[in-house]
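What follows is a short report on a single structure.
In the UniProt record's numbering, the protein residues as written are 1 to 508.
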């Protein structure tokens with residue numbers, strides 16, 4: 001019998017009273033609330049941040065019955081409770097009424113819930129008054145969820161970003177002088193912005209984003225998967241014994257500390273509900289602005305990006321670092337460290353994210369509808385594995401022929417290299433772009449189980465020139481000892497027809 005899966009439900013009370021699956025995170029929450037007071041946590045969207053915040057609200061509110069059967073139930077003093085102020089910027093209608101008015105309404109709602117009256121003239125004074133009056137009932141717990149949404153939503157509108165930044169700075173500024181009223185503060189978001197001074201003066205805010213002890217405070221670990229979904233797994237294993245490995249390949253792989261690897265909870269719950277492998281998380285938020293930035297910087301080979309600790313944890317709205325944005329939004333995760341731990345190597349967390357982002361980038365470079373490119377790539381996969389070079393070139397030509405004139409770069413072969421690289425990445429083979437060796441660098445290198453391909457691409461040149469370059473420069477020489485067959489393909493493209501003019505193939 002299927003369990004009830006809380007897909008999209010971020011309300012702890014509803015989950016517990018409704019009999020939904022709840023992966024017990026209360027041990028981690030207990031550690032959080034008993035070892036410190038001021039925290040900042042960054043995680044991608046739909047990763048459980050809002051449920052974490054709501055759970056903490058119910059905990060400090062004294063909702064003992066909701067925690068029956070959970071780890072924390074016998075570890076918490078239920079005779080005491082604290083007034084809770086909770087702001088969820090994801091639920092504020094700032095895009096319609098403006099950020100100031102939206103915050104003002106949220107303050108009023110919190111005041112109503114706490115039974116206090118406030119009479120300030122601006123959001124700064126009102127927030128200050130709310131904290132002070134609420135503290136008469138006990139030290140205050142302040143929970144601010146998705147704090148950065150009023151900035152992220154307008155990254156392509158700098159004037160709105162600046163206006164909202166100023167408003168938020170004023171709103172948060174009172175926190176630095178409210179220490180005596182506050183029992184616990186947690187701020188969550190996707191990004192930690194630099195140079196915007198939103199939390200000016202909050203020097204005691206502890207950023208736990210990369211801390212090992214809180215690496216699994218949201219997300220689902222392998223152990224939690226097998227304990228909480230044992231019935232589903234047993235049923236699935238009857239048909240596919242390796243189903244756990246498949247689930248891991250599709251939805252696991254996120255880590256912020258290189259110790260704990262977690263599943264995307266949204267995608268995992270969706271899979272358990274529908275029992276079908278597909279791109280659930282990516283479909284809930286097409287990263288249009290992200291793709292624009294990647295195209296602007298001509299970034300397409302994303303795997304293996306390297307960032308410093310500072311770049312990893314902060315984001316500059318004026319000069320966005322694509323790597324920082326990819327990491328903080330969940331499209332890349334930490335794969336390792338370099339330079340004695342001062343640098344982080346990034347990579348795709350799992351198959352879901354890799355397929356989706358590559359498909360999105362390929363479609364963007366081609367000017368094609370989202371998801372269309374993935375279907376076209378299926379024929380290329382078959383051609384590569386059967387050494388059908390005629391079909392391979394035909395499908396590549398079909399991909400390139402659709403590129404709009406505005407996207408065309410007639411003075412360079414880069415558009416061909418980009419399209420080819422993204423296509424072969426989407427296909428799922430090992431592909432390398434501009435591979436260096438002693439003789440120079442080849443445009444595209446592809447490795448399959450049986451074959452190694454080298455593609456040299458020429459704009460308004462000849463296929464013979466391209467093929468000759470492969471041989472003269474020795475692009476396949478480093479793989480001479482490899483038992484796989486080596487295939488050299490020289491392709492010429494026409495800037496006039498914007499397609500393949502001719503190609504030559506030779507097995508070396």
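In this text, a Cβ means the ideal position worked out from N, Cα and C, and glycines have one as well.
Use the C-beta contact count for residue i: other C-beta atoms within 10 angstroms, 16 or more gives buried, fewer gives exposed.
i, result
"residue 192", "buried"
"residue 2", "exposed"
"residue 521", "Here the chain covers residues 1 to 508 and nothing more, so residue 521 does not appear."
"residue 209", "buried"
"residue 275", "exposed"
"residue 49", "buried"
"residue 492", "buried"
"residue 250", "buried"
"residue 78", "exposed"
"residue 134", "buried"
"residue 44", "buried"
"residue 469", "buried"
"residue 42", "buried"
"residue 46", "buried"
"residue 448", "buried"
"residue 97", "exposed"
"residue 119", "exposed"
"residue 506", "exposed"
With DSSP run on the structure shown, which of helix, strand or coil describes residue i?
i, result
"residue 214", "helix"
"residue 87", "strand"
"residue 140", "strand"
"residue 261", "coil"
"residue 410", "Reliability fails at residue 410, whose pLDDT of 43 lies under 50, so the model's placement of it is uncertain and no value is given."
"residue 290", "helix"
"residue 395", "helix"
"residue 436", "strand"
"residue 274", "helix"
"residue 418", "helix"
"residue 508", "coil"
"residue 323", "helix"
"residue 308", "strand"
"residue 315", "strand"
"residue 32", "helix"
"residue 193", "strand"
"residue 445", "strand"
"residue 68", "coil"
"residue 247", "helix"
From the DSSP output, which residues share a beta bridge with residue i?
i, result
"residue 80", "In the DSSP output, where bridge partners are listed per residue, residue 80 has none listed."
"residue 126", "In the DSSP output, where bridge partners are listed per residue, residue 126 has none listed."
"residue 502", "492"
"residue 509", "Only positions 1 to 508 of the chain appear in this structure, which leaves residue 509 out of reach."
"residue 63", "Partner(s): none; residue 63 has no beta bridge."
"residue 253", "Note: residue 253 sits in no beta bridge, so no partner."
"residue 207", "40"
"residue 487", "453, 507"
"residue 145", "88"
"residue 4", "20"
Just curious, the alpha helix (DSSP H) that residue i is in, first and last residue?
i, result
"residue 165", "158-172"
"residue 13", "12-17"
"residue 463", "463-472"
"residue 351", "351-366"
"residue 301", "Run containing residue 301: none; DSSP gives neither H nor E here."
"residue 186", "Residue 186 -> not in any alpha helix (DSSP H); beta strand (DSSP E) instead, spanning 182-189."
"residue 21", "It is not in any alpha helix (DSSP H) - residue 21 carries neither H nor E in the DSSP assignment."
"residue 345", "Element bounds for residue 345: not the alpha helix (DSSP H) but the beta strand (DSSP E), 343-347."
"residue 152", "149-152"
With residue i as the anchor, note down where its beta strand (DSSP E) starts and where it stops.
i, result
"residue 335", "333-338"
"residue 452", "451-459"
"residue 40", "38-42"
"residue 231", "Taken as a continuous stretch (DSSP letters only), residue 231 belongs to no beta strand (DSSP E), being part of the alpha helix (DSSP H) at 230-239."
Verify the CB distance criterion: does residue i have a CB-CB separation below 9 angstroms to chain D?
i, result
"residue 171", "Here chain D cannot be found, since the structure has a single protein chain."
For the stretch 128-140 and the stretch 292-302, state whether three or more C-beta atom pairs, one from each stretch, are separated by less than 8 angstroms. no
Stretch-stretch touch, CB-based, cutoff 8 angstroms, three pairs: the stretch 208-216 with the stretch 253-262: yes
Under 8 angstroms: do the stretch 298-315 and the stretch 49-61 share three or more Cβ pairs, one atom per stretch? no
Could you tell me whether the stretch 17-32 touches the stretch 220-229, where touching means 3 or more Cβ pairs closer than 8 angstroms? yes
Meets three-Cβ-pair contact criterion under 8 angstroms: the stretch 457-475 and the stretch 348-363: no
Specify whether the stretch 37-51 and the stretch 136-147 touch according to this definition: at least 3 beta carbon pairs, one from each stretch, less than 8 angstroms apart. yes
Segment contact, 8 angstroms Cβ cut-off, at least three pairs: the stretch 444-457 with the stretch 473-491: yes
Check whether the stretch 228-237 and the stretch 170-188 are in contact - that is, three or more C-beta pairs closer than 8 angstroms. no
Taking contact to mean at least 3 C-beta pairs separated by less than 8 angstroms, is the stretch 339-358 in contact with the stretch 241-250? yes
Is there contact between the stretch 494-504 and the stretch 386-404, where contact requires at least three CB pairs shorter than 8 angstroms? yes
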